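Residue numbers (my numbering), protein chains in the order written: chain A, 75 to 200; chain B, 75 to 200.
Even for Gly, the Cβ is constructed at its ideal location relative to N, Cα and C.
This one's a predicted model, so the numbers in the text were calculated from it and none came from an experiment.
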């Protein structure tokens, strides 16, 4: 289960960098924002970076390009435990079920972002 | 410009609560996660809460139900300064331009989430 690696590094690209340092468990993945001018990211930028980084951490089979349904389910269980408790991610479970083969189907970043949005909308409705 | 208020409170709903305490400037809006069992939110849950909370903070005219184009532009300028610098939000500027009357058109939460996703995708492509 070795998942060590560094990807999407920052300068000299000027992008928000995502550093991934996995050492066997996903909880060790960390996201570090870096900007061309080394100024601190805002809270919203850090939040966006966190959501991006989790996708990269769990997208092992797809090498950060896609999540399998099983990887998405693992992410939801481990990273959205409270949203699950209050019923925000119920629709996500159903969507994951409908994605197809649990180890083969591909959930790309845009779909992942949409599913996180569904969780967010669920919370706003409560 | 008084924006004080508390909305979307938590228990007894068991939801992720968003407490909004504005005192004249949006920077004073704060998001506080609260769960039924008072356990700490994960980093991803806090990130989602942050993105939700910013929508609520800037959606003054629409009373947290929608952003006007001008409010969305203000949010992008103030809260996504680095994404702007590295060119991730260029497409957002164009989308805001196309939304219609800057003070009247309505950007609902789902559209806002999609636009934040566009910024995230832009960063991943860099």
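- Inter-residue distance for residue 117/A and residue 153/B is about 7 Å (C-alpha atoms, whole angstroms).
- In the DSSP assignment, residue 153/A falls within the unbroken alpha helix (DSSP H) covering 143 to 153.
- When DSSP states are grouped into helix, strand and coil, residue 115/B belongs to the coil group.
- In this model, residue 193/B and residue 122/A are separated by some 9 Å (Cα to Cα).
- Within the DSSP bridge table, the entry for residue 182/A names 140/A as partners.
- Within the same chain, and ignoring the five residues on either side of residue 170/A in sequence, the residues whose Cβ sits closer than 6 Å to its Cβ are 143, 146 and 147.
- Under a criterion of Cβ atoms nearer than 8 Å, the residues of chain B adjacent to residue 184/A are, in order, 191 and 195.
- In the three-state reduction of the DSSP assignment, residue 135/A falls in the coil class.
- Taking 8 Å as the cut-off, the Cβ atoms of residue 172/B and residue 126/A do not count as close.
- By the rule that beta-carbons nearer than 8 Å mark a contact, residue 117/A touches chain B.
- Taking a Cβ-Cβ cut-off of 7 Å, the neighbours of residue 198/A in chain B comprise 126 and 183, given in sequence order.
- In the assembly as shown, residue 150/A is a buried residue. Its beta-carbon has 16 or more other beta-carbons within 10 Å.
- Residue environment for residue 119/A: buried (at least 16 other C-beta atoms within 10 angstroms of its C-beta).
- Listed by position along chain A, the residues whose Cβ is nearer than 9 Å to that of residue 153/B are 116, 117, 118 and 119.
- Collapsing the DSSP output to three states places residue 172/A in coil.
- Straight-line spacing of the CA atoms in residue 180/A and residue 128/A works out to 16 Å.
- Nearest CB-CB separation between residue 122/A and chain B: below the 8 Å threshold.
- In the structure shown, residue 177/A falls within a coil segment according to DSSP collapsed to helix, strand and coil.
- Under the Cβ criterion of 8 Å, residue 141/A is not counted among the residues facing chain B.
- Among the residues facing chain B, residue 157/A is included, as its CB has a counterpart in that chain under 8 Å away.
- Residue 174/B and residue 187/A do not touch by the CB rule: their CB atoms are close to 25 Å apart, not below 8 Å.
- Distance check between residue 135/A and each of 176/A, 189/A, 184/A and 195/A places 176/A closest, using alpha-carbon atoms only.
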